[in-house]
Amino acid sequence: MQVLIWLTLTVAGYIVWQDFKYRYVSILSFVLIFVLLMARGVMIYSFHENLNFFLINACFITFQLIFLTLYLTLKNKRVVLITRNHLGAGDIVMLYVICLLAEPIIFILFYLFILIMSLIYSFAFKVAGTYHKDDNKKEFSIPLAGIFSLATGMYLIFFDLWNYDPFVLLSVLNKLRIL
């Protein structure tokens, strides 16, 4: 299990490096991390539980992407493809890859944490004026797949290598009346 975690961390680190440096992630990296996270899930849960968790999490992501597309379409009064100007294809693929990471409630909290992290990242670098501009566009771009991959690595370190229980975090948040 430890070797599997370290291999996953290596691939996640490679995705972070690619996305932050080049704003491009190799499809092979996505395939590798998908296979490694699937193997991890099968080792922790059963195959059927892992598949059920993946499908529930993927439905959540799909619902969000559909809602985002509908919102942008209504706002702009024309059909908007979110992969054109809003999200990269690699960002969307990474969204589905991380669906293998955890049970649905933990996944939703993890997902919200990542989105908050990416907002803080974009705000900090935009204010500082040192943000990464995409070479083809004049606007600010967020390396979302890299941020997702970084957070996936953090999740694996905390909950798999250091054996913290994510449900303890839920009980702490509940006691603080956050959840």
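Note that the sequence shown covers residues 225 to 403 in this note's numbering.
Glycine residues also receive a C-beta, built at the ideal position from the N, C-alpha and C atoms.
Here the structure is a predicted model, which means the values were calculated and not measured.
State the Cα-Cα distance for the pair residue i and residue j, rounded to the nearest angstrom.
i: Phe277; j: Met225; result: 20 Å
i: Ile268; j: Val259; result: 14 Å
i: Arg264; j: Tyr320; result: 16 Å
i: Ser395; j: Lys301; result: 44 Å
i: Ile306; j: Phe383; result: 33 Å
i: Ala348; j: Ile340; result: 12 Å
i: Val266; j: Asn274; result: 6 Å
i: Val351; j: Leu298; result: 30 Å
i: Ser270; j: Thr293; result: 34 Å
i: Leu256; j: Val392; result: 30 Å
i: Leu231; j: Ile251; result: 17 Å
i: Lys245; j: His272; result: 37 Å
i: Ser346; j: Arg308; result: 19 Å
i: Asn398; j: Leu336; result: 16 Å
By the DSSP assignment, the alpha helix (DSSP H) with residue i in it spans what residues?
i: Cys283; result: 271 to 300
i: Trp230; result: 226 to 246
i: Asp373; result: Note that residue 373 is Ser in the sequence shown here, rather than Asp. Its alpha helix (DSSP H) spans residues 368 to 379.
i: Asp315; result: 313 to 321
i: Ser253; result: 251 to 268
i: Asn309; result: 306 to 309
Within a Cβ cutoff of 8 Å, which residues of the same chain sit near residue i, ignoring the five residues on either side of it in sequence?
i: Ile381; result: Leu233
i: Tyr379; result: Leu325, Ala326, Phe334
i: Pro328; result: Phe277, Ile280, Asn281, Phe284
i: Ala369; result: Ile239, Asp243, Val249, Gly312, Gly314, Asp315, Val317, Met318
i: Leu228; result: Leu260, Ala263, Arg264, Met267
i: Ser342; result: Ile366, Leu368, Ile371
i: His310; result: Leu292, Leu296, Val304
i: Ser253; result: Val235, Tyr238, Ile239, Gln242
Residues in the same chain with beta-carbon distance under 7 Å from residue i, minus the five sequence neighbours each way, listed in chain order, please.
i: Thr376; result: Ala236, Ile322, Leu325
i: Val332; result: The displayed chain sequence assigns Ile, not Val, to residue 332. Closer than 7 Å at the Cβ level, and outside the excluded window around Ile332, lie Phe284.
i: Asn387; result: none
How close, in whole Å, do the beta carbons of residue i and residue j come, if the pair is a contact with beta carbons under 8 Å?
i: Leu385; j: Val240; result: That pair is no contact at about 17 Å.
i: Ile338; j: Ile371; result: 6 Å
i: Pro390; j: Ile344; result: Wrong, their Cβ atoms sit about 21 Å apart, outside the cutoff.
Below 6 Å CB to CB, which residues in the same chain sit around residue i once its five sequence neighbours on both sides are set aside?
i: Leu296; result: Val304
i: Gln288; result: none
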